[in-house]
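Student: Before we start, here is the structure in question, set down as structure tokens.
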Amino acid sequence: MAEVLEVKELDQVVVRFSGDSGDGMQLAGNIFSTVSATVGNGISTFPDYPADIRAPQGSLTGVSGFQVHIGAGKVYTPGDKCDVLVAMNAAALKTQYRYAKPGATIIIDTDSFGPKDLEKAQFTSEDYLGEMGIDPDRVIQCPLTTMVKDCLADSGMDMKAMMKCRNMFALGLVCWLFDRDLNLVANFLRDKFAKKPAIAEANIKVIQAGYDYGHNTHSSTINVYRVESKEKVPGRYMDITGNKATAYGFIAAAEKAGLKLYLGSYPITPATDVLHELSKHKSCGVITVQCEDEIAGCSSALGASFAGALGVTSTSGPGICLKSEAMNLAVIMELPLVVLDVQRGGPATGLPTKSEQTDLLQALFGRNGESPMPVMAATSPTDCFDAAYQAAKIALEHMTPVVLLTDAFVANGSGAFKLPEMAKLDPINPPYVPEELKGKWTPYMRAENGTRYWAVPGREGFAHILGGLEKDSNTGAISTNPENHDLMTRLRQQKIANIQVPDLEVDGDADADLLIVGFGSTYGHLRSAMDELRCKGYKVAQTHFKYLNPLPKNTADVLKKYKKVVVAEQNMGQLAAYLRMKVDGFVPYQFNQVKGQPFVVEELVNAFEDIIKK
19 MAEVLEVKEL
29 DQVVVRFSGD
39 SGDGMQLAGN
49 IFSTVSATVG
59 NGISTFPDYP
69 ADIRAPQGSL
79 TGVSGFQVHI
89 GAGKVYTPGD
99 KCDVLVAMNA
109 AALKTQYRYA
119 KPGATIIIDT
129 DSFGPKDLEK
139 AQFTSEDYLG
149 EMGIDPDRVI
159 QCPLTTMVKD
169 CLADSGMDMK
179 AMMKCRNMFA
189 LGLVCWLFDR
199 DLNLVANFLR
209 DKFAKKPAIA
219 EANIKVIQAG
229 YDYGHNTHSS
239 TINVYRVESK
249 EKVPGRYMDI
259 TGNKATAYGF
269 IAAAEKAGLK
279 LYLGSYPITP
289 ATDVLHELSK
299 HKSCGVITVQ
309 CEDEIAGCSS
319 ALGASFAGAL
329 GVTSTSGPGI
339 CLKSEAMNLA
349 VIMELPLVVL
359 DVQRGGPATG
369 LPTKSEQTDL
379 LQALFGRNGE
389 SPMPVMAATS
399 PTDCFDAAYQ
409 AAKIALEHMT
419 PVVLLTDAFV
429 ANGSGAFKLP
439 EMAKLDPINP
449 PYVPEELKGK
459 WTPYMRAENG
469 TRYWAVPGRE
479 GFAHILGGLE
489 KDSNTGAIST
499 NPENHDLMTR
509 LRQQKIANIQ
519 VPDLEVDGDA
529 DADLLIVGFG
539 STYGHLRSAM
549 DELRCKGYKV
559 AQTHFKYLNP
569 LPKNTADVLK
579 KYKKVVVAEQ
589 NMGQLAAYLR
599 MKVDGFVPYQ
609 FNQVKGQPFV
619 VEELVNAFED
629 IIKK
């Protein structure tokens, strides 16, 4: 009689794929997360890869990871530690086991644990499991490489091509472990390799072999798990990264405004994917130019805005330093421009593949003169769509450059994204100069809200000149008059202050003993910390900043309402300092880390609990 396989229901689970940079861990993780999103699971992912172009094979520094958290309901973080760890070689096991929970299921390729592999990974004996204190009963020890070779022996593929399929065998094992429908995986691969059907079918064959290996070999010792979706909102969904969502947000904004979208960019990690994605959408009226440097990228986008397009430039922190002069030019010319800063570890080249929130003060103040501009920060990979859309709306409707902050965590991470309906998106109405002002209009004539009218070149009767020298508010001619400069400075400042942004929302207990405050990509971790503290019986609330300049009108009221407030951020206290400057008498507690890694919820809970008890 056949053995009945036990399937355990779980609310959530975390899987971490790890191996050499060339082992395809990002692809395996992406496929698993996409399939999970397709069946309605909440997902949050975290790609964690080295900055080395290609570290020596099997070395400790060359390990690449991809962590995915799937849940029956909404999940907010990729998880602190994983329930399942895939380690494709000895180095991966050595470096990634610290991210595994006690008792986690571990999948290893025993063919990659030979004497040389163990030596490279700095193991001191052949008993690598014992050396790390790992229970062998929780390990699926599979001769993965050998089985892939056997599976593809009659495929006609060379050895190098076969080895590229190893990640699919591991994915098949994980799909077995979580009772995933392989038809969904097969559809994904056939779509991805539509122009190379033989490659698609080879990978599908290997995935099936991995699935069958798990089912036939380990059904009596390892449990199979299922994470069923509890809440399914009808609609079309996709697993989307933050960078792709950002690109789509810009496309949607340009479409809504009836404008061409122009991106001037210079490749830089981790922002380059936005350039790559937008370059695929010429059919949507998107124009992309890979410029010779950061300055040209920003300046060309500003030129596109002058010509009547939605001008966007993308970069990371070091590029913002270089773009600052052109951003200043956009301030004084009062032209719409969106500057995307996908933050990474600094200073200088720093940690180019890691994540920080260290560019906030640079975005707010990093220019000469009084150069106010709106600053926003996306809170999740899927929120990147809305953040990009709203940044473009503000830029176009208020004739101003806008800085949009994301970071490597949300840019490379992904979530289940419900495709929006264009008709339901906010309208975007640029302040074009009215026809009745023909013959009377001057370049710095303003609408009632203080925004400069926009006259697109080529419109008869509205020829004009803009530039970097201060202009007279009435005539638009160059002016060095002291009173005029003071007036123009105040007009530019007031224009930004007049922008209406949503009020802060507070989640949690209305009578909380502690308010948790953050901005941007830390939302999910801080929300999870609040939920855990409330489960422990503490009264805790959370508020989070997406709009940083101008601040929401109720900022002071919210921050002063609570007995204790902690500002948590991945820098040395930039938001806390900014809020102290803006809110009289505000003195918060602070939680600061600059590790290049996402917050760990457990550490947040312990730190916040200590603050509550003080």
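Residue numbers (our numbering): 19 to 632.
Even for Gly, the Cβ is constructed at its ideal location relative to N, Cα and C.
Which one or two residues does DSSP pair with His233 in a beta bridge?
Tutor: Paired residues: none, contrary to the question.
Student: In this structure, how does DSSP classify Ile483 when only helix, strand and coil are distinguished?
Tutor: coil
Student: In angstroms, rounded to a whole number, what distance separates the CA positions of Glu295 and Arg208?
Tutor: C-alpha separation (whole angstroms): 20 Å.
Student: Counting only the same chain and skipping the five closest in sequence on each side, list residues whose C-beta sits under 6 Å from that of Val619.
Tutor: Asp98, His543, Ser546, Ala547
Student: Counting C-beta neighbours from all protein chains within 10 Å, is the total for Leu622 16 or more, i.e. buried, or is it exposed?
Tutor: buried
Student: Quick check on Arg116: does DSSP put it in helix, strand or coil?
Tutor: helix
Student: How about Thr367 and Ala396: do their beta carbons lie closer than 7 Å?
Tutor: no
Student: Could you check how far apart the C-beta atoms of Pro9 and Ala413 are, in whole angstroms? I think they sit under 8 Å.
Tutor: The structure shown has nothing for residue 9, since the chain only spans 19 to 632.
Student: By the 10 Å Cβ neighbour count, where 16 or more other Cβ atoms means buried, how is Leu487 classified, buried or exposed?
Tutor: exposed
Student: DSSP on Lys278, reduced to helix/strand/coil?
Tutor: In the three-state DSSP reduction, Lys278 falls in the coil class, being neither helix nor strand.
Student: Rounded to the nearest angstrom, how far is the Cβ of Ile534 from that of Ala586, given a contact under 8 Å?
Tutor: 6 Å
Student: Tell me the rounded alpha-carbon separation between Leu443 and Ala188.
Tutor: 41 Å
Student: Could you give the residue range of the beta strand (DSSP E) that holds Asn53?
Tutor: Residue identity differs from the one stated: residue 53 is Val in this sequence, not Asn. From DSSP, Val53 is part of no beta strand (DSSP E) but of the alpha helix (DSSP H) over 43-56.
Student: Of the choices Gln375, Thr507, Ile446, Ser398, whose alpha-carbon is the least far from that of Leu277?
Tutor: For Leu277, the nearest C-alpha among the options comes from Ile446.
Student: Short of 8 Å in beta carbon distance, which residues of its chain neighbour Asn185, apart from the five on each side in sequence? Order them along the chain.
Tutor: Cβ neighbours of Asn185 beyond the five flanking positions: Phe35, Gly37, Asp41, Gly42, Met43, Leu45, Ala46, Met106.
Student: Just mark Tyr462 as buried or exposed, buried being the case when its beta carbon has 16 or more other beta carbons within 10 Å.
Tutor: buried
Student: Would you give the residue range spanned by the beta strand (DSSP E) that Asp66 belongs to?
Tutor: Per DSSP, Asp66 belongs to the beta strand (DSSP E) from 60-66.
Student: Would you call Met599 buried or exposed, if buried means 16 or more other Cβ atoms sit within 10 Å of its Cβ?
Tutor: exposed
Student: By alpha-carbon positions, which one of Pro96, Phe50, Ala90 ends up nearest to Pro616?
Tutor: Among Pro96, Phe50, Ala90, the Cα nearest to that of Pro616 belongs to Pro96.
Student: Taking 7 Å as the cut-off, decide whether the C-beta atoms of Tyr136 and Ala108 are in contact.
Tutor: As written in the sequence, residue 136 is Leu, which differs from the Tyr given in the question. Cβ atoms of Leu136 and Ala108: closer than 7 Å.
Student: Which of the three DSSP states is assigned to Asp176 in this structure?
Tutor: coil
Student: When the Cβ atoms of the stretch 370-385 are set against those of the stretch 305-315, are three or more pairs found closer than 8 Å?
Tutor: no
Student: Under a three-way DSSP split, which group does His503 fall into?
Tutor: It is helical.
Student: From the DSSP output, in three-state form, read off Phe626 for me.
Tutor: Looking at Phe626 - three-state DSSP - the assignment turns out to be helix.
Student: So what's His294 in DSSP terms, helix, strand or just coil?
Tutor: helix
Student: When burial is assigned at 16 or more other CB atoms within 10 Å of the CB, is Pro448 buried or exposed?
Tutor: Buried, because 16 or more other Cβ atoms sit within 10 Å of the Cβ of Pro448.
Student: Under a Cβ-count criterion, where at least 16 other Cβ atoms within 10 Å of its own Cβ denotes burial, should Cys193 be classed as buried or exposed?
Tutor: buried
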